[in-house]
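J.: In this note's numbering, the protein residues as written are 151 to 754.
Every residue gets a Cβ at the ideal spot worked out from N, C-alpha and C, and that includes glycine.
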């Protein structure tokens, strides 16, 4: 049973010219866990044995205790596997998806869904094209670190300076890579979904319609011009089954042959539609581009926003997934309900994400402050970042969230001259207006770490306030960007959620986030080496547990105020932060709010 099946030599219906097969992005983008015990040298043999073991125990839904025993992993890691699977399942009606987070253990996962989830843990992410002028960027990020190899040449700062965005895989590249992975492993996958035939016959394995539907975890069919969700009805081998009668199982080799034909056609379509681009002139996607995808299944991209403030409302986003890529020195407000969100390769930015109902992944960011209301968040390989979290599940921390010494913007120090800062009424006012960034920079940094002319900041602040009233200038965003450039945090820090906008609670209800549950400080750390990405670390580096995040000092915590004009005419019922705060953070927030006059707060 461990031998992979081969395509049938019998007649196979030709793939429809109007039907395209797509890989589901979610398992590959949000479902991979850097756990060595989930990666098998021979996944077909290992998972066939696991399936037989669980079936012999009359287990159809696998809870965390059974999974921990079968894989010899801890209960915490078994719960993480089930929770991650729940976040990327294709069926919204599955009990694992609809259950509350504290019922996951008792509900368990469908055995075949779990088998497919474990199989794709062998997936390797797409390698980017190499940079042909590495010497041109060597002075930007010269130090050796866990970001060595390609990532050392593609730090966020270098992406801006050297226009290396075009060297990163495009969405079409990733789709083609995922299709190629499925093409290579489809025989094994179908073997795991199939059952042996009783008695003698030429076909040793058959697959039922129910087993075929489980492939919806990895693939989906889509007619050109439509976004219909169907799987077995797209396959002619099942499409004519009588709905009132059980579908007759089909030889697995016939299913394999039909799917391989569709994958080949889809790969050809992707290649023709998106020809590979070598190192030509920069395209429009390299500079300050916001792209809305033509299909609601594809993510909306926000790319290359630099030195500005940017806002997206729910009415602006027709897609349920969002990717924020390569944004720098900016403040981004995404005030909308989403299913998935990815933040990648950003630096010196503040990013506010509205309600995200499935999962958020923040990866390879530097000196970024992220404010997130979500069910789940994964933080990978981030430097000097602070996360203000409202999350229902434990935040996952993976990779090397490297500690660096505080650094100083040379231009600020050189042009303004040294002057040791002191706190004042105005500094307290600025602290509250910028959601704590001034508090971090002005109140909490030892004088010897940095200095600049604070009176100059106040003068510019007054000018910006006047400009704001004339043109709608985002002074909050301006101050946040300025102070992120001045001071970086020593390590990754987490803090409770600290903002709101008028429709926040409406959006949270829409995507299923519970405000009463916030596990922002209950982080779970996995390994530093990502086995799905060979570029994260130099060859030969041994794995170790990722460093845990540090709680933000309550004295440094305050409310982040989103300017009222950003929401336009949008009205909602949310008047304050819906996530409860513990006493130390609540006291600190109230102290900082009291330093701000009511008139000043109303202006925002």
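#1: In this structure, does DSSP put residue 650 in helix, strand or coil?
#2: Express the C-alpha separation of residue 459 and residue 216 in angstroms, rounding to a whole number.
#3: If you check the beta carbons only, do residue 450 and residue 423 fall under 9 Å apart?
#4: To the nearest angstrom, report how far apart residue 109 and residue 485 are at their CA atoms.
#5: If you draw a straight line from the C-alpha of residue 542 to the C-alpha of residue 473, how long is it?
#6: Indicate whether the contact test is met: 3 or more Cβ pairs, each with one atom in the stretch 172-185 and one in the stretch 219-239, closer than 8 Å.
#7: At a cut of 8 Å, does the stretch 218-228 reach the stretch 243-253 through at least three beta carbon pairs?
#8: Pull up the distance between the alpha-carbon of residue 400 and that of residue 358, whole angstroms please.
#9: Look up residue 357 in the DSSP assignment and say whether it is helix, strand or coil.
#10: Going by other Cβ atoms of all chains shown within 10 Å of its Cβ, with 16 needed for buried, is residue 584 buried or exposed?
#11: Mind checking residue 191: buried by the 16 CB within 10 Å criterion, or exposed?
#12: Do you know how far the Cα of residue 213 is from the Cα of residue 226?
#13: Measuring alpha carbon to alpha carbon, tell me which residue in 532, 325 and 503 is nearest residue 276.
#14: Can you give me the start and stop residues for the beta strand (DSSP E) that residue 538 sits inside?
#15: Throw me the rounded Cβ distance for the residue 483 and residue 455 pair, which I believe falls under 8 Å.
#16: Anyone know if the C-beta pair for residue 367 and residue 385 falls short of 9 Å?
#17: Just to confirm the assignment: which complete alpha helix (DSSP H) runs, minimum length 4, are found wholly within the stretch 211-288?
#18: Which residues mark the beginning and the end of the alpha helix (DSSP H) in which residue 383 is found?
#19: Anyone know if the C-beta pair for residue 654 and residue 724 falls short of 9 Å?
#20: Give the single residue among 345, 260 and 699 whose Cα lies nearest to the Cα of residue 531.
#21: Identify the residues that DSSP records as bridge partners of residue 147: which are they?
#22: For residue 668 and residue 729, I'd like the C-alpha separation in whole angstroms.
#23: Can you tell me which of the three DSSP states residue 737 falls into?
#24: Return the residue from the list 488, 550 and 526 that minimises the CA-CA distance to residue 756.
T.: So, from the listed chains and residues:
#1: For the purposes of this step, residue 650 is taken as residue 500 along the chain shown, with counting starting at 1. In this structure, residue 650 counts as coil in the three-state DSSP scheme.
#2: Working through the chain shown from its first residue, we reach residue 216 at position 66. Working through the chain shown from its first residue, we reach residue 459 at position 309. Residue 216 and residue 459: Cα-Cα distance of roughly 49 Å.
#3: Taking the first residue of the chain shown as position 1, residue 450 is located at position 300. Taking the first residue of the chain shown as position 1, residue 423 is located at position 273. Contact: no.
#4: With the chain represented from 151 up to 754, any question about residue 109 goes unanswered, as that position is not in the structure.
#5: Taking the chain shown and counting its residues from 1, the one referred to as residue 542 is at position 392. Taking the chain shown and counting its residues from 1, the one referred to as residue 473 is at position 323. So the two alpha carbons sit approximately 21 Å from each other.
#6: yes
#7: no
#8: On the chain shown, residue 400 is found 250 positions in, with the first residue counted as 1. On the chain shown, residue 358 is found 208 positions in, with the first residue counted as 1. Rounded to the nearest angstrom, the two C-alpha atoms are 6 Å apart.
#9: Position 207 of the chain shown, counted from the first residue, corresponds to residue 357. Looking at residue 357 - three-state DSSP - the assignment turns out to be strand.
#10: Reading the chain shown from its first residue, position 434 is the one you call residue 584. Low local confidence applies: a pLDDT of 41 at residue 584 is under 50, so the model's placement there is unreliable, and no value is given.
#11: Position 41 of the chain shown, counted from the first residue, corresponds to residue 191. Its Cβ having fewer than 16 others within 10 Å, residue 191 is exposed.
#12: Your numbering for residue 226 matches position 76 in the chain shown. Your numbering for residue 213 matches position 63 in the chain shown. For residue 226 and residue 213, the distance between alpha carbons rounds to 12 Å.
#13: Numbered from 1 along the chain shown, position 126 holds the residue referred to as residue 276. Minimum Cα distance to residue 276 is reached at 325.
#14: What you label residue 538 is simply residue 388 of the chain shown in a count that begins at 1. 536-541 is the extent of the beta strand (DSSP E) around residue 538.
#15: As a working mapping, residue 483 is identified with position 333 in the chain shown. As a working mapping, residue 455 is identified with position 305 in the chain shown. In fact, because the Cβ distance is near 11 Å, the residues do not count as touching under 8 Å.
#16: Here residue 367 corresponds to residue number 217 of the chain shown, with the count starting at 1. Here residue 385 corresponds to residue number 235 of the chain shown, with the count starting at 1. No, they are not a contact pair.
#17: 214-221, 225-238, 245-248, 254-257 and 261-269
#18: As a working note, residue 383 is residue 233 in the chain shown. It is not in any alpha helix (DSSP H) - residue 383 carries neither H nor E in the DSSP assignment.
#19: Taking the first residue of the chain shown as 1, we reach residue 654 at position 504. Taking the first residue of the chain shown as 1, we reach residue 724 at position 574. The answer is yes: Cβ separation under 9 Å.
#20: Translated into positions along the chain shown, residue 531 becomes position 381. Nearest of 345, 260 and 699 to residue 531, Cα basis: 699.
#21: Missing from the structure shown is residue 147; the chain here goes from 151 to 754 and no further.
#22: Here residue 668 refers to the residue found at position 518 of the chain shown. Here residue 729 refers to the residue found at position 579 of the chain shown. Going by the C-alpha atoms only, they are around 7 Å apart.
#23: For the purposes of this step, residue 737 is identified with residue 587 of the chain shown, where counting begins at 1. Here residue 737 sits in helix by DSSP.
#24: Nothing can be reported for residue 756: it is not among the residues displayed for the chain, which extend from 151 to 754.
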